[in-house]
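If you're matching them up, the sequences are chains A and W in order. Position 72 of the first sequence, counted from 1, bears residue number 72 in my numbering, the numbering being contiguous throughout. Position 355 of the second sequence, counted from 1, bears residue number 1355 in my numbering, the numbering being contiguous throughout. All C-beta atoms, glycine included, are put in the ideal place defined by N, C-alpha and C. Structure first, then comments.
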Amino acid sequence: MSALRGSLSDGRNAASTPVSITRDGDDLLISAETTEFRVPLRDVAADARVLGVARTLTLPDGKQITTSDQDTIAEWFPARHWVDHWAYDLESRWAAAFASIVVIVAVLWLFIQVALPLAAKPVASMISPKIAQLIGVQALDSLDHSIFKPSKLSEERQEDIENRFYNFLAREPGAEGLSLKFRGGALGPNALALPGGIIVVTDDMVKLASDDELLAVLAHEIGHVRGQHSIRTILQSSGVVVLMTAVAGDAMTMTVLAAAVPTALLESHYSREFELEADDYAFAHLKRHGYSPQLFADVMRRMEKAEKDGGTAGVFQYFSSHPATDERILRAEAQR
Amino acid sequence: MENTGNEEGAEDADSTSAAEAVLPADSTTASPATADSATADAAAAASTMADSSATGATTYPVRFTGLVREYFRIWIVALCLSILTLGIYSAWGKVRKKRYLYAHTLIDGSWFDFTGRPIAVLRGRIIAVALFGGLAIVGHFFLPAQIGFILLLLLLTPWIVVAANRFNSYNSTYRAIRFGFGGRVREAAKVYLGIGLLLIPTLGLIYPYYRMRRLRFVTEHQRYGATPFETRFLGGNFYGAYVISGLIIVAAGIVAIVGGIILAVSVGKAARDEGAPIFALIWSALIYSGYLLAFCYLRARVGNLTFNGTRVGPVQFASSLRVRDICWLYFSNIAAILCTVGLATPWAVIRMARYRAARLTLSAATPLSGLGAAAMQSATATGSEVSDLFDVDISL
Chain A
1 MSALRGSLSD GRNAASTPVS ITRDGDDLLI SAETTEFRVP LRDVAADARV LGVARTLTLP
61 DGKQITTSDQ DTIAEWFPAR HWVDHWAYDL ESRWAAAFAS IVVIVAVLWL FIQVALPLAA
121 KPVASMISPK IAQLIGVQAL DSLDHSIFKP SKLSEERQED IENRFYNFLA REPGAEGLSL
181 KFRGGALGPN ALALPGGIIV VTDDMVKLAS DDELLAVLAH EIGHVRGQHS IRTILQSSGV
241 VVLMTAVAGD AMTMTVLAAA VPTALLESHY SREFELEADD YAFAHLKRHG YSPQLFADVM
301 RRMEKAEKDG GTAGVFQYFS SHPATDERIL RAEAQR
Chain W
1001 MENTGNEEGA EDADSTSAAE AVLPADSTTA SPATADSATA DAAAAASTMA DSSATGATTY
1061 PVRFTGLVRE YFRIWIVALC LSILTLGIYS AWGKVRKKRY LYAHTLIDGS WFDFTGRPIA
1121 VLRGRIIAVA LFGGLAIVGH FFLPAQIGFI LLLLLLTPWI VVAANRFNSY NSTYRAIRFG
1181 FGGRVREAAK VYLGIGLLLI PTLGLIYPYY RMRRLRFVTE HQRYGATPFE TRFLGGNFYG
1241 AYVISGLIIV AAGIVAIVGG IILAVSVGKA ARDEGAPIFA LIWSALIYSG YLLAFCYLRA
1301 RVGNLTFNGT RVGPVQFASS LRVRDICWLY FSNIAAILCT VGLATPWAVI RMARYRAARL
1361 TLSAATPLSG LGAAAMQSAT ATGSEVSDLF DVDISL
């Protein structure tokens, strides 16, 4: 029987003596330079086996023996808890490590793509309209203090558009919850829907679109409100943030940045599906009131051209939250 | 305090309490032009410790022998199983990772051992998630609850610090002798809340002193077996470190502003409008780098100050972390982690541990074997004697 080499510490002072350990039947024979003693195996406790970690044997009187000979100790002292057994099994195989990477990616993808959106939908519908209104008003407020400027459209023009908007909502359920706001600023032709049914349209959009085309744009925004897209986006991206924090929590403290980047990308991805959903709603709403989805295609084309002429495409398109405009134009024309 | 091999860093000997996460990141700046701060700190240490390492003392360098190819596997399996078990396995993962790092930190040929039981860690995590997570969610929608949550967190900090340190110290062993932590919640409250509250009337100017007191509280109540830790921290040294760290941030800000103005002026209006997002990105990257530089400077200086002002019986610590090394390590680690979507994290941890160990030495005039166990320790062999509420790891 080959002897193991180890170090013995008596637990009374910080000394370490080299020893050799042999197994003699059901006993361990420990021999140092000057002493030798015997301990029954069943009185010795071994710590859990971890990849690359030397083993520690604890004797009943507090002495401890450490040894690097993992394999022999594993033979003499099989794992006491199944978790430790399985954990070591996985740690010791490279195949398990690679499989882990695959599993992690798969589970995270599934969670973000499937579970979170599924969960966000019912939660969004549980949020009371008052709270949604509060969030929307606060959001508009902060936008007014940053990128929005007061609208430069005349009072009559605004009233005119508002009237057309409310006519457009005739016989539509939940129309009372919707309100229309006009804003100026350097955003270009744009419209957005905030929680609480607040729809904002920019001066540039009013200038760019014809009266009927403007209705098509507003129909799209109404689609966002109907689908509670803004609330769901907030919930989903909060979920992603929580998830990334929980997963990355083990990593270095300064890599919060690493969590933020994929989150930002994912946020723009959520919007893709919501945009298409809002488009579909818009087509149906337009048809209900006797307008053609072609209007939508026309204004999209005009916006695309305006953007190309302005030249802000390129690098930042990846972060843009609107799916390929061509795709949407085709879908609109297919519906007319 | 036994984190010498651990990435978390001994200078954060308070353990990662929740309050540490809430408080602003220390931002003292270092002037890169100053003399080697390591020697400055060593000199400061020598002058404060009257009985510095005299002739005849043995030096024990700290060795770190961890390998990325092993630690990566422990780390990735722990991550995978933690996700699959919705976080439950993370307790085992934490213990296993810690045991690996401890077992590869060697002094005088012997390594450290972490004996914390995963169940205790799990208990702590469940409590923390239930308490803090629940309050955080409620606070999200209900503002008064959010304020109550922050207040509760602050009030619990002294208890959390004591509990975490007791757990970590008791479960850290070297040559079969346990460490221990004797700090009391009452004194922790005096330091964390009492001095902490003074931050408000002094507009934060007292922060370096506050940091020093916290480090002192956590360090001076540690013991190795029967031998208590002793500290000699000078507030002045901490102030110096923070002032320089602040200067770094100011310098970075000036560079960013001046550079931004020069760039904006030299480039045409059209390019300015078009490139505005890119400029914003570069500008924030510069500011962020400035903060990171200041943070690294602090890490190095405070780390050195902490170790150099600490002794255990005959053992004196000497730390010689260099600012430029820490900066390089942090920047390259972050870049690697970003590029590999986090997979380089184990490599970063091992790298950092290796460096910290290489920069740490112990010196003792009498042999280490002279350090003895605490009186009651030899009475119990296996099993935890800490069966009260404190057998819970809240340090997360």
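Excluding sequence positions up to five before and after I1195(W), its CB lies within less than 6 Å of the CB of Y1210, R1213, all in the same chain and listed in chain order.
For F98(A), there are no CB contacts under 6 Å within the same chain when 5 residues up- and downstream are skipped. Assigned with DSSP and collapsed to three states, T245(A) falls in helix. A buried status is given to W1075(W), since no fewer than 16 other beta-carbon atoms sit within 10 Å of its beta-carbon.
The beta-carbon distance between L1286(W) and I1107(W), rounded to whole angstroms, is 41 Å. This is too long to meet the 8 Å contact definition. In the three-state reduction of the DSSP assignment, K63(A) falls in the coil class, being assigned neither a helical nor a strand state. Across the structure, A15(A) and G1056(W) are spaced so that their CA atoms are roughly 19 Å apart.
Taken atom to atom, the span from the alpha-carbon of K152(A) to that of G184(A) is near 6 Å. The region 132-139 of chain A makes no contact with the region 283-295 of chain A: fewer than 3 CB pairs, one atom from each, lie closer than 8 Å.
Membership of Q1222(W) in the beta strand (DSSP E) is indicated by the continuous run 1222-1224.
Among the residues facing chain A, L1263(W) is not included, as its CB has no counterpart in that chain under 8 Å away.
Only exposed fits R42(A), as fewer than 16 other CB atoms lie within 10 angstroms of its CB. At a cut-off of 8 Å between C-beta atoms, F1317(W) does not count as an interface residue with respect to chain A. Between the alpha carbons of V1341(W) and L108(A) lies a distance of about 13 Å. Taking 8 Å as the threshold, the shortest C-beta distance from A1103(W) to chain A falls below it. Sequence-distant Cβ neighbours of V1129(W) in its own chain, meaning closer than 7 Å and more than five residues away, do not exist here. The alpha-carbon separation between S146(A) and L187(A) amounts to approximately 12 Å. Here DSSP, grouped into helix, strand and coil, assigns Q228(A) to coil. Straight across, the Cα-Cα distance linking F1179(W) with T35(A) is about 28 Å. Here E213(A) is buried. Its C-beta has 16 or more other C-beta atoms within 10 Å. When Cβ-Cβ separations below 8 Å define contact, S1284(W) makes no contact with chain A. Counting only Cβ-Cβ distances below 8 Å, L51(A) has contacts in chain W at E1070, R1073, I1074, Y1100, in chain order.
DSSP places K181(A) in the uninterrupted beta strand (DSSP E) bounded by 179-184. Annotation for Y1060(W): the continuous beta strand (DSSP E) segment containing it runs 1058-1064.
Secondary structure at T72(A): helix, using DSSP grouped into helix, strand and coil.
The beta-carbon distance between F1217(W) and E1187(W), rounded to whole angstroms, is 7 Å. This is short enough to meet the 8 Å contact definition.
Between I104(A) and I1083(W), the CB-CB gap stays under 8 Å. If you check each beta-carbon in the region 1340-1356 of chain W against every beta-carbon of chain A, the ones closer than 9 Å belong to V1341, G1342, L1343, T1345, A1348, V1349, M1352. Fully enclosed beta strand (DSSP E) runs of no fewer than 3 residues are not present anywhere in the region 101-167 of chain A.
By the Cβ neighbour-count rule, V1323(W) is buried, with 16 or more other Cβ atoms within 10 Å of its own. Within the region 1081-1100 of chain W, L1081, S1082, I1083, L1084, G1087, Y1089, S1090, W1092, G1093, K1094, V1095, R1096, K1097, R1099, Y1100 place their CB atoms closer than 9 Å to a CB of chain A, listed in sequence order.
At a cut-off of 8 Å, the C-beta of W1111(W) has a neighbouring C-beta in chain A. Using a CB distance cut-off of 8 Å, L90(A) counts as an interface residue toward chain W. The closest CA to that of S31(A), considering only I329(A), Q228(A), A87(A), L4(A), is found on L4(A).
A46(A) is bridged by DSSP to L57(A). For P1201(W), no alpha helix (DSSP H) segment is defined, and its DSSP state is neither H nor E.
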